[in-house]
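Colleague: One structure, as structure tokens, below. Some questions next.
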Amino acid sequence: MADHIHRPLILVTNDDGIGSPGLRAAVRAAMRLGEVLVAAPSGQQTGAGRSTPGNGPLLLERVSLVVDGEPVRAYAIPGTPAQTVMYGVLVLAERPVDLVISGINYGENLGVEITSSGTVGAALEAAAMGIPALAISRETHKRFHFNPEEGMDFLAAQHFAEVLGRLLLERKMPPDVDALKVDVPEGASAETPWRVTRVSRQRYYYPVPPANPDLSKPVYVDYGVRLDMDTLERDSDIWALAVDRVVSVAPISLDLTSRVALDEVDRALRG
């Protein structure tokens, strides 16, 4: 019993829902690191960011989850990724959570759009609760962002979830590193190099306006990937994945304050 208690407790969540094959891959990685508890949205929550809508009490539904022949304690929650972390830590966990793994998302989370990512939002919620957190995503074509391809290979992303999850359990990160955002390129393997990057100031996904919208009918603003190579930072997450095809490991911070001298802003505001 003592050995069981001393194993790290790892909360696994995502933004694609409890039925996601990427979630199962994250669970496989977490099972190699400690005891696993799953708390994930009941359905698709892509784009939910770190939102926590005031939708009242939530039903925490125990679900049957067996991974590689092992039963895993798992709950589906009709809330956002950030809420699943809250409920997982505060209601479901019977002891302190040592690590949160959010993912594995099907679709890369890069550049300034990460604030809208539910995968990243869950990791930031964990970080705000003082828990080391890993948000991990796998590059896919946009047609799979809401529905993964049958038989999609998550082995490389699973490998990096295990490797970097273990490092977060074993090593203390420098101050102002509140979570790690990991993006694994399509076609990567366990041998693909990983690189510590910054989050690019560029957009990665650009909104595409509809042509000649009929406002009497539902309107859809689509999106697509676009890179501005003239301004793209070589040390960024976008460059690492899209150009050099390596795994991006970006340290992210809860501190959203602009990196500028505050007296300079004061002078600008006061004229």
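Heads up, the sequence shown stops at 407 in our numbering, and the numbers go up one at a time, no gaps. Cβ coordinates follow ideal geometry from the N, Cα and C atoms, glycine included.
Let me know if E400 comes out buried or exposed under the rule of 16 or more other beta-carbons within 10 Å of its beta-carbon.
Modeller: Your numbering for residue 400 matches position 264 in the sequence shown. With fewer than 16 Cβ atoms within 10 Å of its Cβ, E400 is classed as exposed.
Colleague: Return the chain-ordered list of same chain residues with a C-beta closer than 7 Å to the C-beta of F282, the five sequence neighbours on each side being excluded.
Modeller: Residue numbering aside, residue 282 sits at position 146 when the sequence shown is read from its first letter. Same-chain partners within the cutoff: Q180, T182.
Colleague: Can you look up S252 in the DSSP assignment and give me helix, strand or coil?
Modeller: Locating residue 252 in the sequence shown gives position 116, where the first residue counts as 1. Three-state result, S252: helix.
Colleague: Is the beta carbon of V385 sitting closer than 7 Å to the one on L316?
Modeller: The count along the sequence shown starts at 1 and reaches residue 385 at position 249. The count along the sequence shown starts at 1 and reaches residue 316 at position 180. Against a cut-off of 7 Å, the Cβ pair of L316 and V385 comes out as a contact.
Colleague: Short of 7 Å in beta carbon distance, which residues of its chain neighbour G254, apart from the five on each side in sequence? Order them along the chain.
Modeller: Along the sequence shown, one-based indexing puts residue 254 at 118. So the list reads D151, Q181, T182, G183, A184, G185, T216, P217, once near-sequence residues are dropped.
Colleague: At the level of alpha carbons, what is the spacing between D139 and E171?
Modeller: Here residue 139 refers to the residue found at position 3 when the sequence shown is read from its first residue. Here residue 171 refers to the residue found at position 35 when the sequence shown is read from its first residue. Per-residue confidence for D139 stands at a pLDDT of 48, beneath the threshold of 50, marking its modelled position as unreliable; no derived number is given.
Colleague: If we ignore side chains and look at the alpha-carbon of each, how far apart do N348 and M265 end up?
Modeller: Within the sequence shown, numbered from 1, the residue matching residue 348 stands at position 212. Within the sequence shown, numbered from 1, the residue matching residue 265 stands at position 129. N348 and M265: Cα-Cα distance of roughly 46 Å.
Colleague: Using the three-state DSSP reduction, which class does P217 fall into: helix, strand or coil?
Modeller: Numbered from 1 along the sequence shown, position 81 holds the residue referred to as residue 217. Correct three-state label for P217: helix.
Colleague: Return helix, strand or coil for A378, following the three-state DSSP convention.
Modeller: Within the sequence shown, the letter at position 242 stands for residue 378. It is helical.
Colleague: Where does G360 fall in DSSP's three states?
Modeller: For the purposes of this step, residue 360 is taken as the residue at position 224 of the sequence shown. Of the three classes helix, strand and coil, the one that applies to G360 here is strand, per DSSP.
Colleague: Using only alpha-carbon positions, find the residue among Y242, S352, A210 that is nearest to A229.
Modeller: For this step, residue 229 is matched to residue 93 along the sequence shown. Comparing Cα-Cα distances from A229 to each of Y242, S352, A210, the minimum goes to A210.
Colleague: Does P311 pass the burial test, meaning 16 or more other C-beta atoms within 10 Å, or should it be called exposed?
Modeller: Against the sequence shown, residue 311 aligns to sequence position 175. Per the 10 Å Cβ criterion, exposed.
Colleague: Taking the Cβ atom as the reference point for each residue, do A175 and T149 lie within a distance shorter than 7 Å?
Modeller: Locating residue 175 in the sequence shown gives position 39, where the first residue counts as 1. Locating residue 149 in the sequence shown gives position 13, where the first residue counts as 1. Yes, they are a contact pair.
Colleague: Going by alpha carbons, who is nearest to N191 out of I213, L173, E206?
Modeller: Within the sequence shown, residue 191 is the residue found at index 55, counting from 1. If we check each option's Cα against that of N191, I213 comes out closest.
Colleague: Once the 5 residues before and after R143 are set aside, which same chain residues still bring their CB inside 7 Å of it?
Modeller: For the purposes of this step, residue 143 is taken as residue 7 along the sequence shown, with counting starting at 1. Excluding sequence neighbours, R143 sits near G170, E171.
Colleague: With DSSP run on the structure shown, which of helix, strand or coil describes R209?
Modeller: Against the sequence shown, residue 209 aligns to sequence position 73. The answer is strand: DSSP assigns R209 an E or B state.
Colleague: Using the C-alpha atoms, what's the distance from R406 back to T276?
Modeller: As a working mapping, residue 276 is identified with position 140 in the sequence shown. As a working mapping, residue 406 is identified with position 270 in the sequence shown. Near 47 Å, if we compare the C-alpha coordinates of R406 and T276.
Colleague: Considering Cα atoms alone, identify which of A162, S156, L145 is closest to Q294.
Modeller: Translated into positions along the sequence shown, residue 294 becomes position 158. Taking only the C-alpha atoms, the option nearest Q294 is A162.
Colleague: Please state if the CB of L246 and the CB of I388 are separated by a distance shorter than 7 Å.
Modeller: Along the sequence shown, read from residue 1 onward, the residue named residue 388 stands at position 252. Along the sequence shown, read from residue 1 onward, the residue named residue 246 stands at position 110. Cβ atoms of I388 and L246: not closer than 7 Å.
Colleague: Who does I146 pair with in a DSSP beta bridge?
Modeller: Start at 1 with the first residue of the sequence shown, and residue 146 comes out as number 10. Its beta-bridge partners are V172, L235.
Colleague: For R307, count neighbouring Cβ atoms within 10 angstroms of its own Cβ and tell me buried if that reaches 16, exposed if not.
Modeller: As a working mapping, residue 307 is identified with position 171 in the sequence shown. The residue is exposed, with fewer than 16 neighbouring Cβ atoms inside 10 Å.
Colleague: Compute the beta-carbon to beta-carbon distance between Q338 and L368, rounded to the nearest angstrom, for a pair I have assumed lies under 8 Å.
Modeller: As a first step, residue 338 is located in the sequence shown; it is residue number 202 there, counting from the start. As a first step, residue 368 is located in the sequence shown; it is residue number 232 there, counting from the start. At roughly 6 Å, the Cβ-Cβ gap stays under 8 Å, so Q338 and L368 are in contact.
Colleague: I need the straight-line Cα distance from R331 to D380, nearest angstrom please.
Modeller: Stepping through the sequence shown from its first residue, residue 331 is reached at position 195. Stepping through the sequence shown from its first residue, residue 380 is reached at position 244. Going from the Cα of R331 to the Cα of D380 covers about 10 Å.
Colleague: For M222 and S252, what's the separation of their Cα atoms in angstroms?
Modeller: Numbered from 1 along the sequence shown, position 86 holds the residue referred to as residue 222. Numbered from 1 along the sequence shown, position 116 holds the residue referred to as residue 252. If you take the alpha carbons of M222 and S252, they lie about 18 Å apart.
Colleague: Using the C-alpha atoms, what's the distance from K278 back to V320?
Modeller: Here residue 320 refers to the residue found at position 184 when the sequence shown is read from its first residue. Here residue 278 refers to the residue found at position 142 when the sequence shown is read from its first residue. Cα to Cα, the separation comes out at about 15 Å.
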